[in-house]
Amino acid sequence: MFVTLRSTFMVIAALSASSVAPAQVNVAAQPAAESATIEGTNALPVDMTHTPLPAQEATDPLAPEAEQAPDEEQIKPGATLAETVANLRGTDPGSRELECLAVGIYYEAKSESLAGQLAVGHVIANRAESGRFPSSYCGVLFQRSQFSFIRGRSLPSVPRASRDWQDAVAIARIVDQELHPSPMGKALFFHARRVSPGWKLTRLGTLGNHVFYR
1 MFVTLRSTFM VIAALSASSV APAQVNVAAQ PAAESATIEG TNALPVDMTH TPLPAQEATD
61 PLAPEAEQAP DEEQIKPGAT LAETVANLRG TDPGSRELEC LAVGIYYEAK SESLAGQLAV
121 GHVIANRAES GRFPSSYCGV LFQRSQFSFI RGRSLPSVPR ASRDWQDAVA IARIVDQELH
181 PSPMGKALFF HARRVSPGWK LTRLGTLGNH VFYR
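Heads up, the sequence shown is in my numbering, so the first residue is 1 and it goes up one at a time.
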């Protein structure tokens, strides 16, 4: 009887121990993906389709606005030489160089047609560009023994209120801006028709009272 009761108690104790004992956790057996998922919960996802806005330069609201340079006045040729001359007539050429050019046109060709004045003006400009003469209008005009109306180093006076002078100013501007080509091309020399200097040069043609050469 005692043995039987003892055996009974041992069986009950064994059963109780098996129902209460905690299960052993094998840490090494936990899937690695779980820990990686937990560690990654603090990271924000990156949107690869997002296009960042371009950086804008910082501006000072109190800084003055940049000034824009005014557009330079553009001289445009008229439909005809006479129209351009009418638009550009004036008493003041605007610079020493244009003054020299206008004086040369006035004294050499004031009695000529506008085309004749244009041809004379271009001879002065052609010389300044040729490399064979002084490189400025005034230099060409004051070159020794080239223009008979020049005396010393001063320009002769002109009647600025006259129509002839204002035409000469307009022609000088036209030549300087190359608004109309010369009817005598690249002529570098001219003389009055009443004289025959016997130049051994290429004759380009006659216009009005002048014969032109290069």
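Backbone N, C-alpha and C fix where the C-beta goes; we use that ideal spot for every residue, glycine too.
Within the DSSP bridge table, the entry for L207 names H210 as partners. In the structure shown, the three-state DSSP call for A192 is strand. Contact between A170 and V103 is ruled out by a C-beta separation of about 14 Å, above the 8 Å threshold. For the set N87, R132, S182, the Cα lying nearest the Cα of V120 is the one of S182. Burial is judged here by how many other beta carbons sit within 10 angstroms of a residue's own beta carbon; A82 has fewer than 16 and is exposed. L201 and F189 do touch by the CB rule: their CB atoms are close to 6 Å apart, below 8 Å. Under the rule that a run must span 4 or more residues, the alpha helix (DSSP H) segments found entirely inside the segment 136–166 read 137–142. Taken through DSSP and simplified to helix, strand or coil, D92 comes out as coil.
In this structure, the beta-carbon distance from D164 to L101 does not fall below 8 Å. The alpha carbon of K76 has as its nearest neighbour, out of S135, G90, V211, R173, the alpha carbon of R173.
Its chain contains T91 as the residues whose beta carbon lies nearer than 6 Å to that of R160, once the 5 sequence neighbours on both sides are disregarded; these appear in chain order. Per the coordinates, the alpha-carbon of H122 lies some 8 Å from the alpha-carbon of G185.
Taking 8 Å as the cut-off, the Cβ atoms of A125 and S135 do not count as close.
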